[in-house]
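The structure appears below as structure tokens.
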Amino acid sequence: MRELYIKSGKGFLLVYSVTDENSLKELLALREQVLRIKDSDNVPMVLVGNKCDLEEDRVLSIEDGVKVSQDWGLVPFYETSAMYKTNVDEAFIDVVRQIMRKEAAISAEKKQQKEKQKLEQFGNGSQPQTEQSNGVVGNNGKKNALDSNGNNKNMQKSEQTGGTTEGGAGVSNGGGGGGVGGATQNSNGRFKQSGPDLSTNKSGSKCCTIM
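In terms of the UniProt record's numbering, the sequence shown opens at residue 1 and continues consecutively.
Right, dumping it as structure tokens:
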């Protein structure tokens with residue numbers, strides 16, 4: 001039953017009587033049991049020497065409690081009186097503060113580990129590929145086939161068919177009147193603009209046709 005309480009406990013008040021030397025010796029074994037069950041040397045703990053009001057019956061001095069506290073790694077030590085409530089609240093407050101500090105440290109450590117894992121996953125993640133073998137993805141999201149020389153086969157096919165294609169929309173001035181130009185293929189296989197001359201508009205500013 002004691003082991004069950006120790007396993008579920010987060011902090012411990014180890015209390016002995018200043019009027020009983022054996023109670024302190026038993027406490028030494030109890031502390032070892034707590035550390036063994038919790039499997040840690042960092043356990044919130046307070047050493048308490050009770051019945052400090054019974055000065056006539058005292059067999060253990062304050063120095064005895066201080067020495068044990070030092071041997072345990074400077075565990076907080078209080079002499080208390082349950083009858084007069086001397087240092088009782090202080091002992092409980094101390095162990096609760098230790099528990100809160102430990103839980104805060106564990107929470108911060110877990111948060112750092114999660115952030116580290118996210119950074120590692122991001123660093124190992126692959127970037128989306130926009131280029132693949134025998135093709136390239138154009139701005140319109142379609143795959144354009146490439147020949148062995150790396151030229152765009154779709155463009156070559158368009159140049160070979162000849163004919164006319166519709167040009168881009170002409171840029172109109174403030175009163176409207178923009179036009180649609182055309183494109184014809186010359187003997188060199190290149191396209192030239194045909195239709196209305198849109199190099200300048202009535203206001204004198206330059207226009208363009210997107211082909």
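We put the CB at the ideal spot given by N, CA and C, even for glycine.
Identify, in the order they occur along the chain, each residue of the same chain with its Cβ nearer than 7 Å to the Cβ of residue i, setting aside the five sequence neighbours on each side.
i, result
"isoleucine 37", "Glu3, Ile6, Lys7"
"cysteine 52", "Val18, Glu79, Thr80, Ser81, Thr86"
"glycine 65", "Leu47, Gly49, Phe77, Glu79"
"glycine 9", "none"
"glutamate 21", "Val59, Leu60"
Quick check: the Cα distance between residue i and residue j, rounded to an integer number of angstroms?
i, j, result
"asparagine 188", "glutamine 117", "Bear in mind that a pLDDT of 47 at asparagine 188, under 50, signals an unreliable position, so the model cannot answer this."
"arginine 97", "aspartate 71", "22 Å"
"leucine 40", "glutamine 33", "This sequence places serine at residue 40; leucine is not what is there. Rounded to whole angstroms, serine 40 to glutamine 33 spans 11 Å at the Cα level."
"asparagine 50", "methionine 100", "25 Å"
"leucine 13", "arginine 31", "10 Å"
"asparagine 139", "alanine 108", "Annotation note: pLDDT 47 at asparagine 139 (below 50); position unreliable, no value reported."
"alanine 104", "asparagine 42", "14 Å"
"leucine 24", "arginine 58", "13 Å"
"phenylalanine 122", "glutamate 115", "11 Å"
"alanine 91", "lysine 111", "31 Å"
"leucine 27", "glutamine 113", "37 Å"
"lysine 67", "methionine 83", "25 Å"
"asparagine 124", "lysine 102", "33 Å"
"valine 15", "valine 88", "11 Å"
"glycine 73", "glutamate 120", "38 Å"
"glutamate 56", "glutamate 63", "17 Å"
Counting only the same chain and skipping the five closest in sequence on each side, list residues whose C-beta sits under 6 Å from that of residue i.
i, result
"proline 76", "Val46, Asp94"
Under the DSSP definition of a beta bridge, which residues are partnered with residue i?
i, result
"threonine 86", "Ser81"
"phenylalanine 122", "Phenylalanine 122 pairs with nothing; no bridge assigned."
"leucine 13", "Val46"
Looking only at its own chain, which residues have a Cβ that is under 8 Å from the Cβ of residue i, when we skip the five neighbours before and after it?
i, result
"serine 69", "Leu47, Val75, Pro76, Phe77"
"glycine 54", "Correcting the residue type first, residue 54 is leucine in the shown sequence and not glycine. Val18, Thr19, listed in sequence order."
Exercise. What runs of the alpha helix (DSSP H), each 4 residues or longer, lie entirely inside the segment 16 to 64?
Worked result: 21 to 38
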